[in-house]
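Here's the structure we're looking at; comments come further down.
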Ligand SMILES: NC(=O)c1ccc[n+]([C@@H]2O[C@H](COP(=O)([O-])OP(=O)(O)OC[C@H]3O[C@@H](n4cnc5c(N)ncnc54)[C@H](OP(=O)(O)O)[C@@H]3O)[C@@H](O)[C@H]2O)c1
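In this note's numbering, the protein residues as written are 297 to 633.
Here it is, written out as structure tokens:
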């Protein structure tokens with residue numbers, strides 16, 4: 297049996313292009329004891345994968361040139377040599393960008409979505425949803441009446457951040473790119489206000505939407521969005537630094553050294569600016585996340601949107617486009633047609 301994979305062909309210096317990927321087909325390895333053979337149904341495409349394409353030092357090892365692109369998938373078990381899994385079961389695993397995979401059973405998890413579609417195990421009920429939940433629970437800690445701002449607000453992390461803020465009784469102000477995403481964030485997700493970061497008057501519109509300042513800024517993007525939010529931060533504001541997608545393809549250089557002014561504001565306003573990787577919260581918060589958010593998704597109180605592209609061969613272009621806002625909702629590739 298053969299499997300198709302997407303390989304990292306070379307490392308991009310700036311924005312990735314199709315030339316940095318290639319497709320390969322190879323024989324599957326034979327199944328050994330305590331292993332399962334998987335058919336991939338959905339591949340998750342996530343911003344962190346841009347970091348894995350780079351050799352720069354980070355919190356995780358890069359994908360080697362010539363290696364399969366890293367990624368989490370939802371799969372069907374097609375053969376099992378493990379007592380823990382049966383053929384036909386739906387599971388999730390870090391198979392990478394592949395059509396099929398042989399995995400050690402210890403690295404495979406059953407999908408438990410409380411009645412939601414299995415694809416949600418990669419989005420609102422998976423890693424991105426847990427990132428929003430952990431960052432808000434541990435660092436953001438929104439309170440009733442406070443103002444919470446989040447960018448990339450139509451995506452899987454930002455959309456849940458805003459809905460968690462609303463559940464806590466806070467005002468949710470979203471930032472998104474373009475009319476359609478802004479309409480979705482306000483009208484369907486129920487944020488109080490939404491600002492288009494592409495507007496030429498973005499900073500003044502944001503200030504007008506936050507008359508009492510900002511108590512929690514969930515940082516997903518950096519760049520000019522951070523410039524707009526920073527002066528609005530209130531005393532004791534919390535800033536969970538989750539992602540900086542505006543600078544993943546290269547540094548955003550304003551030409552000024554802003555560190556002294558930033559440090560001064562951190563001191564004067566007693567700001568909490570705290571970076572995190574979601575895995576640090578797994579041990580203490582994952583069970584509660586699954587129960588709380590799983591129940592709210594199943595009942596329809598938490599809403600989510602998926603952007604599903606068809607075929608493994610579509611993955612590189614969809615991923616490249618996502619880095620500049622080409623996706624609308626959690627980006628998935630439907631692999632097993
Ligand atoms: N720390 C962690 O453990 C962790 C885990 C998961 C994700 N993250 C981070 O969380 C962030 C959101 O992830 P996601 O999966 O929910 O992504 P996403 O929203 O599905 O996709 C990324 C979005 O970022 C926005 N964007 C891209 N470039 C931008 C720019 N220059 N300025 C403003 N917005 C820009 C675009 O939305 P618009 O068109 O609306 O601008 C784009 O759709 C990313 O930074 C990601 O790296 C961190």
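Idealized CB from N, CA, C, for every residue including glycine.
| request: Report the rounded CA-to-CA distance for residue 413 versus residue 385, giving the unit in angstroms. | output: Here residue 413 corresponds to residue number 117 of the chain shown, with the count starting at 1. Here residue 385 corresponds to residue number 89 of the chain shown, with the count starting at 1. Answer to the nearest angstrom: the Cα atoms are 14 Å apart.
| task | Please check the pair residue 306 and residue 316, which I expect to be a contact at CB under 8 Å, by giving their CB distance rounded to whole angstroms. | result | Indexing the chain shown from 1 puts residue 306 at position 10. Indexing the chain shown from 1 puts residue 316 at position 20. The pair is a contact, with the Cβ atoms about 5 Å apart (cut-off 8 Å).
| task | Could you name the residues of the same chain whose beta carbon sits closer than 6 Å to that of residue 518, not counting the 5 residues immediately before and after it, in chain order? | result | Translated into positions along the chain shown, residue 518 becomes position 222. Cβ neighbours of residue 518 beyond the five flanking positions: 540, 542 and 543.
| Under 9 Å, do residue 382 and residue 390 count as touching if we go by C-beta distance? | In the chain shown, residue 382 corresponds to position 86, counting from 1. In the chain shown, residue 390 corresponds to position 94, counting from 1. No, these two residues do not count as a Cβ contact at 9 Å.
| request: State yes or no: is the C-beta of residue 627 nearer than 8 Å to some heavy atom of ligand 1? | output: By one-based count along the chain shown, residue 627 stands at place 331. Indeed, a heavy atom of ligand 1 lies less than 8 Å from the Cβ.
| query | Between the Cα of residue 476 and the Cα atoms of 467, 451, 585 and 496, which residue gives the shortest distance? | reply | For the purposes of this step, residue 476 is taken as the residue at position 180 of the chain shown. Among 467, 451, 585 and 496, the Cα nearest to that of residue 476 belongs to 451.
| request: Taking 9 Å as the cut-off, decide whether the C-beta atoms of residue 472 and residue 444 are in contact. | output: Translated into positions along the chain shown, residue 472 becomes position 176. Translated into positions along the chain shown, residue 444 becomes position 148. No, the pair does not count as a contact, with Cβ atoms beyond the cut-off.
| said: On a Cα-Cα basis, can you pick out the residue from 372, 624, 534 and 546 that is closest to residue 572? | reply: Translated into the one-based positions of the chain shown, residue 572 becomes position 276. Ranking the options by Cα distance to residue 572, first place goes to 534.
| Reference residue 503, options 515, 483, 532 and 470, closest by Cα | On the chain shown, position 207 is the one that residue 503 refers to. It is 470 whose Cα lies nearest to the Cα of residue 503.
| request: Out of 621, 551, 555 and 529, state which residue places its alpha-carbon closest to the alpha-carbon of residue 442. | output: Your numbering for residue 442 matches position 146 in the chain shown. If we check each option's Cα against that of residue 442, 529 comes out closest.
| message | Relative to the C-alpha of residue 361, which candidate in 352, 467 and 304 has its C-alpha closest? | response | Indexing the chain shown from 1 puts residue 361 at position 65. The shortest Cα separation from residue 361 among 352, 467 and 304 belongs to 304.
| request: Taking the CB atoms as reference points, tell me whether residue 600 and residue 593 lie closer together than 9 Å. | output: Looking up residue 600 in the chain shown gives position 304. Looking up residue 593 in the chain shown gives position 297. Cβ distance < 9 Å, so residue 600 and residue 593 count as in contact.
| field | Presumed contact (8 Å Cβ cut-off) between residue 627 and residue 603, rounded CB distance | value | Locating residue 627 in the chain shown gives position 331, where the first residue counts as 1. Locating residue 603 in the chain shown gives position 307, where the first residue counts as 1. Indeed, because the Cβ distance is near 5 Å, the residues count as touching under 8 Å.
| For residue 388 versus residue 428, is the C-beta distance shorter than 9 Å? | Position 92 of the chain shown holds residue 388. Position 132 of the chain shown holds residue 428. No. Outside cutoff.
| task | List the DSSP bridge partners of residue 491. | result | Position 195 of the chain shown, counted from the first residue, corresponds to residue 491. Answer is 471, bridged to residue 491.
| field | Among 298, 309, 314 and 341, nearest to residue 323 - alpha-carbon criterion | value | Here the question's residue 323 lines up with position 27 in the chain shown. Residue 323 has its Cα closest to that of 298, out of 298, 309, 314 and 341.
| field | Per-residue DSSP class, three states only, for residue 331 | value | By one-based count along the chain shown, residue 331 stands at place 35. Looking at residue 331 - three-state DSSP - the assignment turns out to be strand.
| message | Does residue 371 come out as helix, strand or coil in the three-state DSSP assignment? | response | Walking along the chain shown from the start, residue 371 turns up at place 75. Three-state DSSP puts residue 371 in a strand.
| task | To the nearest angstrom, report how far apart residue 606 and residue 630 are at their CA atoms. | result | The residue given as residue 606 occupies position 310 in the chain shown. The residue given as residue 630 occupies position 334 in the chain shown. Whole-angstrom Cα-Cα distance: 5 Å.
| Of the listed residues 426, 567 and 478, nearest to residue 447 (C-alpha basis) | Walking along the chain shown from the start, residue 447 turns up at place 151. It is 478.
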